[in-house]
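Which chain is which? The protein sequence lines are A and B, in order. Numbering-wise (numbering that gives the first Met the number 0), the first sequence opens with residue 0 and increments by one. Numbering-wise (numbering that gives the first Met the number 0), the second sequence opens with residue 0 and increments by one. Virtual Cβ for every residue (Gly too), placed ideally from N, Cα, C.
Number of protein chains: 2
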Amino acid sequence: MKIAVTGKGGVGKTTVAAGLARLFAQEGRPVITIDADPDANLAAALGIDPEAAARIVPIAKMSELIAERTGSKPGTTGGIYKLNPRVDDLPDELSVKAHGVKHLVLGTVEKGGSGCICPESTMLKALMKHVIVRRDEVVIMDMEAGIEHLGRGTSASVDAMLVVVEPGQRSVQTARQIQKLAADLGVTRVFLVLNKVRDAAEEGELRAHLPDLPVIGTVLERESIRKADLAGRSPFDVEPAFVAEIAAIKERLAAEVGVAADASGK
Amino acid sequence: MKIAVTGKGGVGKTTVAAGLARLFAQEGRPVITIDADPDANLAAALGIDPEAAARIVPIAKMSELIAERTGSKPGTTGGIYKLNPRVDDLPDELSVKAHGVKHLVLGTVEKGGSGCICPESTMLKALMKHVIVRRDEVVIMDMEAGIEHLGRGTSASVDAMLVVVEPGQRSVQTARQIQKLAADLGVTRVFLVLNKVRDAAEEGELRAHLPDLPVIGTVLERESIRKADLAGRSPFDVEPAFVAEIAAIKERLAAEVGVAADASGK
């Protein structure tokens with residue numbers, strides 16, 4: 000199962016992506032997370048220590064490896080690809096494993112004025128397209144804030160897209176744009192995650208603003224999560240109620256996408 | 000004075016940019032705002048009604064006009080440019096004026112899979128570079144969330160860059176990257192805006208995390224601002240304390256950049 004987590008900046012994409020990854024890994028599934036945001040912070044949310052995170056080689060620098068596994072250079076079109084390149088054995092030096100999750104990063108902007116990250120995005124798009132996952136495997140991409148990645152189509156090959164929204168007009172507007180652009184890409188399973196919701200009234204209002212998008216789960220606003228963030232800790236490690244909410248999203252997601260119900264499915 | 004407002008997604012860039020624009024305009028200065036985020040929502044924060052906002056022609060579609068004013072096509076290098084193309088008389092059909100602010104937008108992603116927004120960013124960069132503002136004029140760009148725009152160098156010609164941060168590790172990390180990348184671009188005036196701060200302890204902690212960046216102002220977290228956002232209203236119109244905080248930032252910014260102290264300076 001390949002999932003992309005999208006939404007306006009600051010709505011909680013990274014928190015949701017990290018929570019899902021940790022829970023799928025706890026079931027014993029092979030989980031790969033990809034931080035597709037050049038302003039990367041998924042590693043911290045996963046509980047990976049900064050020194051280990053600094054050792055991750057960005058996907059943007061994996062050109063040779065991708066060519067070797069797929070039989071084709073990323074960025075080229077046509078040609079014959081290997082249909083099922085392995086990803087769960089990616090060399091350890093290219094990822095960091097923590098809490099059962101193998102974590103990769105797209106790559107950041109290394110120098111001001113150095114250009115856009117289009118070549119890197121093309122590489123990631125190719126990797127996502129060529130990766131055939133086993134039925135019990137999970138790949139979760141944490142996307143860049145906003146909508147530019149949908150122009151690039153980085154997530155065109157995902158099985159499902161989560162759109163995280165919070166109470167307020169702005170993330171709702173972004174969600175509407177994402178819904179339209181995802182349809183252009185042919186992504187048909189698009190689900191809302193309602194985050195930072197205070198009460199049933201706010202939840203109802205959010206649903207009313209986006210009637211065409213099915214809601215896959217709701218995550219309440221909690222002081223404990225704010226404090227965990229301030230302290231640089233994963234909410235996953237401090238707030239059982241948050242974990243329960245993410246677990247509910249995980250179950251519905253697995254049912255919608257048709258992933259094997261347990262880690263033994265091949 | 001040309002200003003870029005930057006920061007991680009969700010920290011409040013758009014709110015700060017809109018507040019500054021409204022206050023500079025209240026002084027009688029010509030103010031131009033540019034929403035440089037393809038996931039645009041500055042118009043709403045400025046209090047521009049959605050129908051008027053929908054009529055704005057994106058900068059990305061202004062190629063002919065930029066060539067006419069500057070004597071050179073955006074995206075080309077070399078050649079002789081007109082040194083002071085006018086911007087305050089931009090045709091009304093290319094902008095929407097509200098509360099004394101002329102508002103322009105970069106342009107959005109119109110179709111999923113249509114590519115990146117590099118050409119549009121190149122156009123905006125050229126426009127910003129060629130615009131010579133009078134001493135009393137103010138141009139405020141609300142940048143895309145994160146750091147990719149710094150790779151593109153869209154804001155390379157600004158007089159000052161504001162980096163908005165909120166309590167928490169993530170926006171602090173982003174601010175550190177912005178500081179480094181802005182230096183690569185040669186932007187020397189980089190100031191922090193501490194947003195959504197609850198108390199002196201949180202403010203002190205934020206300052207301690209970013210000791211090398213001068214703080215130009217602090218904006219407190221307020222329930223009234225959250226409610227205004229939920230209702231789709233500008234905090235500028237509902238919260239006098241917020242307006243006072245932004246006014247303090249405006250004064251310091253004008254002093255730092257050396258803008259004429261009142262609207263009569265030419």
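Rounded to whole angstroms, what is the Cα-Cα separation between residue i and residue j?
i	j	result
residue 120/A	residue 8/A	19 Å
residue 244/A	residue 214/A	13 Å
residue 43/A	residue 63/B	46 Å
residue 17/B	residue 109/B	25 Å
residue 251/B	residue 241/B	16 Å
residue 111/B	residue 149/A	5 Å
residue 212/A	residue 181/A	12 Å
residue 226/B	residue 238/B	11 Å
residue 20/A	residue 127/A	17 Å
residue 207/A	residue 187/A	21 Å
residue 125/B	residue 57/B	15 Å
residue 262/B	residue 246/B	Per-residue confidence for residue 262/B stands at a pLDDT of 47, beneath the threshold of 50, marking its modelled position as unreliable; no derived number is given.
residue 193/A	residue 200/A	12 Å
residue 256/A	residue 0/A	7 Å
residue 323/A	residue 196/B	Lying outside 0 to 265, the shown extent of chain A, residue 323/A is not represented and no answer is given.
residue 204/B	residue 233/A	19 Å
residue 54/B	residue 97/A	49 Å
residue 142/A	residue 137/B	34 Å
residue 178/A	residue 146/A	10 Å
residue 115/B	residue 117/A	7 Å
residue 202/A	residue 173/A	17 Å
residue 5/B	residue 163/B	6 Å
Between which two residues does the beta strand (DSSP E) holding residue i run?
i	result
residue 216/B	214 to 219
residue 93/A	Here residue 93/A belongs to no beta strand (DSSP E), and DSSP marks it neither H nor E.
residue 103/A	100 to 104
Any C-beta of chain B sitting closer than 7 Å to the C-beta of residue i?
i	result
residue 264/A	Residue placement at residue 264/A cannot be trusted, given a pLDDT of 40 that sits under 50; what the coordinates show is reported in the next sentence. Cβ-Cβ to chain B under 7 Å: no for residue 264/A.
residue 144/A	yes
residue 221/A	no
residue 25/A	no
residue 37/A	yes
residue 58/A	no
residue 238/A	no
residue 70/A	no
residue 308/A	Past the boundaries of the shown model lies residue 308/A; chain A is included only from 0 to 265, so the question cannot be answered.
residue 180/A	yes
residue 173/A	yes
residue 108/A	yes
residue 228/A	yes
residue 2/A	no
residue 147/A	yes
Compute the minimum distance between the beta carbon of residue i and the heavy atoms of the ligand FAD, and state whether it is under 6 Å.
i	result
residue 252/A	This structure lacks the ligand FAD, and indeed carries no ligand of any kind.
Please determine, among the options, the residue with the shortest C-alpha to C-alpha distance to residue i.
i	options	result
residue 66/A	27/A, 164/A, 236/A and 129/A	129/A
residue 171/A	143/A, 117/A, 133/A and 210/A	210/A
residue 123/B	156/B, 13/B, 238/B and 221/B	156/B
residue 22/B	199/B, 147/B, 99/B and 230/B	99/B
residue 254/B	142/B, 154/B and 135/B	135/B
residue 94/B	61/B, 198/B and 117/B	61/B
residue 169/A	184/B, 54/B, 96/B and 37/B	37/B
residue 218/A	14/A, 154/A and 140/A	14/A
residue 3/A	216/A, 232/A, 189/A and 46/A	189/A
residue 32/B	104/B, 151/B, 223/B and 256/B	104/B
residue 39/A	114/A, 106/A and 6/A	106/A
residue 24/B	102/B, 162/B and 144/B	102/B
residue 183/B	203/B, 205/B, 165/B and 151/B	151/B
residue 113/B	153/A, 48/A and 198/A	153/A
Check for me: the alpha helix (DSSP H) holding residue i runs from which residue to which?
i	result
residue 241/A	239 to 256
residue 173/A	168 to 184
residue 49/A	49 to 53
residue 155/B	From DSSP, residue 155/B is part of no alpha helix (DSSP H); its letter is neither H nor E.
residue 15/A	12 to 25
residue 147/A	147 to 151
residue 45/A	41 to 45
Give me whichever residues DSSP pairs with residue i in a beta bridge.
i	result
residue 5/A	162/A
residue 190/B	161/B
residue 266/A	The requested residue 266/A is not part of the displayed model; chain A covers only 0 to 265.
residue 140/B	3/B and 33/B
residue 196/B	219/B
Cβ of residue i less than 7 Å from any chain A Cβ?
i	result
residue 193/B	no
residue 62/B	no
residue 164/B	no
residue 22/B	no
residue 151/B	yes
Would you list, in chain order, the members of the region 105 to 137 of chain B that have their beta-carbon closer than 9 Å to a beta-carbon of chain C?
Absent here is chain C; the protein component of the structure consists of chains A and B.
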